[in-house]
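See structure below.
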Amino acid sequence: MFSILNLGAIMLTTILLQLKDNSADAHPEALTHFGGGLVAGGLYHLKKETPLSSRKRLYHRLKSRHLTTSISETTAALGLGQYAAQLILNGDTVHAVVDTGSGVSQLACTGSQIQGASSSLVIYDPATATPPFTLVPQDSTTCTTLCPHTNGCYSNPVVAGACEYLYQYGGGNDLEGRAYTANLTFPSTISNLSFPNYLFGCSFKTSTNPYMYTNYNALFGMDWESTSMWNQMTAISKGTISDTLHLCLGDGGDKANTTAASQSGVIVFGNSNSVTVTGASAGGKVVNVTMYDSHNLLDSNGKPLLFPPSMWVSLNSFSLVSSTGEVTALSMSSSNYYLMDTGTSEILLVQDAFDSLNKAFCPAVTALTNSTYNILCKFFKSNGLFEVEVQGAADIFTKTQLNDLFPTLSFNLANSTSPVSLRPSAYMILAQYDIQKSASSSRYLLYIIAINTIGAGTNQGILGNAFMTDLLIQQTQSTLQLSLTEVLTCDDVSYASNSSRQHAAPSGNKKQYPAPSSAVSRPGVRSSPIPPVIVEPPSQNNNGTSRISTTSPPMPKKSKKKHPPHAAKKVNNKKKGSSKKPRSKSKHTKQ
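Going letter by letter, the sequence shown gives residues -26 to -1, 1 to 565 in mature numbering (1 follows the signal peptide of the UniProt record, and there is no 0).
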């Protein structure tokens, strides 16, 4: 039963950061109940290490020379990172990546392995939780509910009588989990919202090539499946938490990214009419889109066409728009689908659309060279990245400077009121810089472009965090309506309920928090003095080239499957994914 209990505190926070007093932040550090069905709080995220080959400047790579030790260089661990929430299950604190592209909550429990694990990343033990998590019986209706949202449940579980399942992700990551329930709570200074019998999985065996968990120990799905965190909250509260969700993902490739993670956005459950944009962002462009009914859209064989059910749209056309308004149309196929996925950092275009961008992007960027800046651009097939170097910069560009210089990408979505403008501050990620040299030609800013290809053989791509940066995103499941509002900063998002006063950003500067002291290496990448990051090892396509890592398992580039990341399309109550067999048939058979 949905209940309102005692006072408490729950924080939306960055994984591995211990956030303290955040009174100067625009949004409450704690996910707070504002009365009625309105729950809101600040979002925090870690920056992601950018996979630059050997960490060499583009200029030197074009000249076939390496940097020498005499060249002073600052390597910033900047990027889109991953948004995370701190939750409470039966009194235990859980830090979970929030993912609109999957539908089951997963905890790393006893038996799991975490790449880059530290003392702050616990391996959960269901038996020692406070109180212990409740095991879901194999023959229960709860287990029956969960199984179709996995790759299948085991008829002969390791723990006798337990509901155990296999869950495979598109990039080869997989886990074997055991289902539990617990009391999910979101305390606040007003009340304590309690969601009893919250269903989640406790993984007890996880893949290591690639790792299922990398610098995090929980992944909570937020798609439209009944098992997702959002929909369980709506169901348990009997509609008090509505089927409308707001997300604002802050920070782009601007000066703010030179600091450790600070409050970067906001999440708001319910009460859609109470959420407004104020301050300098008031009056920003609004694009309304009708999403696909991904629950019911079937292919020619009568099977679900789009999986997982979530924010699916199509791209009618797109173009490059210069800062002076010149438009370069980019050719593409009319048949495509895109998932808006907070579990993926970059934009992964369908192959023909990416090929058109590849032909046009660098010529458009290098043409911007002027008397102040020399601008270089190159696409590297070896790692699948565009890199842009600006020589002669006296300081790191602000968002405004980036947006005034570089081209905007215009995405004309099907069933929308107008195109969505993807600003350079969203898709350009500052990776390296040196602004200390006396000679102008030696000062530079090096950016990676967070746009890549999903690969050949599929017409389904991903619009990840690079697409959603500095947009207030409102999605409503029942009406299939999506609203995208341009903001300058997520600090300008305000909200209220009938029983609470309007919440708005306080005055004063935001507090910054120090980065963790230790560095984490990825396989094949040399350790550098940067904070720990949430990354997957670079994905490989069939010809051996890699692309920007996504924190959600990405779809293999040359796959013939038509779904992007995460658990794949269901067939016979099992989801396609890796062909790897999790356990021997002598021990287990699937239902």
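Cβ atoms here follow ideal geometry from the backbone N, Cα and C, with glycine treated the same way.
Shown here for E138: same chain residues with a beta carbon closer than 6 Å to its own, the five before and five after excluded, namely Y128, P131 and R152 in chain order. Nearest C-alpha to F169 among S356, S211 and N125: S211.
V301 sits exposed, since fewer than 16 C-beta atoms from the chains shown fall within 10 Å of its C-beta. The three-state reading of DSSP puts K212 in coil, since its state is none of H, G, I, E or B. T6 and S181 have their alpha carbons spaced roughly 36 Å apart. Taking the Cα positions, V68 is about 6 Å away from I62. From the listed residues M207, V394, I349 and G438, the smallest Cα separation to R417 is found for I349. Spanning the alpha carbons of Q89 and G195 requires a straight line of approximately 21 Å. Residue environment: N189 is assigned as buried (16 or more neighbouring CB atoms within 10 Å of its CB, all protein chains considered).
If the five residues before and after T391 are omitted, its C-beta is found closer than 7 Å to the C-beta atoms of V261 and N262, all from its own chain and listed in chain order. Here L120 carries a helix assignment [DSSP, helix/strand/coil]. Comparing C-alpha distances from V72 to each of I425, G65 and L81 shows the shortest one belongs to L81. By the 16-neighbour rule on beta-carbons within 10 angstroms, S284 is buried. Note: F178 is not bridge-paired with any residue in the DSSP secondary-structure output. For T374, the uninterrupted alpha helix (DSSP H) run begins and ends at K373 to L379, by DSSP. Contact between A334 and S296 does not hold, since the beta-carbon distance rounds to 11 Å and is not under 8 Å.
Taken through DSSP and simplified to helix, strand or coil, F360 comes out as strand.
Cβ-Cβ distances below 7 Å link V394 to V261, F385, L387 and L458 in the same chain, with the five nearest sequence neighbours on each side left out; the list follows chain order. In the three-state reduction of the DSSP assignment, S288 falls in the coil class. Straight across, the Cα-Cα distance linking I447 with D197 is about 14 Å. In the displayed model, P170 falls within a strand according to three-state DSSP.
Y401 sits in a helix when the DSSP states are folded into three classes.
The C-alpha of I241 is placed about 34 Å away from the C-alpha of S307. At least 7 Å separates the beta-carbon of V13 from that of V251. Per DSSP, Q325 lies in no beta strand (DSSP E) segment; the continuous alpha helix (DSSP H) that holds it begins and ends at Q325 to T340.
As a beta-bridge residue in DSSP terms, N348 pairs with Q365. With a minimum length of 4 residues, the unbroken runs of alpha helix (DSSP H) contained wholly in the segment 63 to 136 fall at 115 to 120. The beta carbon of V249 sits closer than 8 Å to those of H220, V242, L446, Q448, V467, S468 and Y469, all from its chain and outside the five residues before and after it, given in chain order.
Secondary structure of Q449 (DSSP, three-state): strand. If you look at F441, you'll find it in the alpha helix (DSSP H) that goes N439 to M442. In this structure, the beta-carbon distance from N426 to L304 does not fall below 7 Å. The beta carbon of N310 is closer than 8 Å to those of S288, L289, V324, A327, N433, Q434 and G435 in its chain, skipping five residues each way along the sequence. With a 10 Å radius around the Cβ and a threshold of 16 neighbouring Cβ atoms, V364 comes out buried. Within the same chain, I97, Y98, D99, P100, C176, S177 and F178 come within 7 Å of C83 by CB-CB distance, once the 5 residues on both sides are set aside. Non-local C-beta neighbours of W204 in its own chain, meaning closer than 7 Å and more than five positions away in sequence, comprise M196 and L219, ordered along the chain. Per DSSP, I409 lies in no beta strand (DSSP E) segment and is marked neither H nor E.
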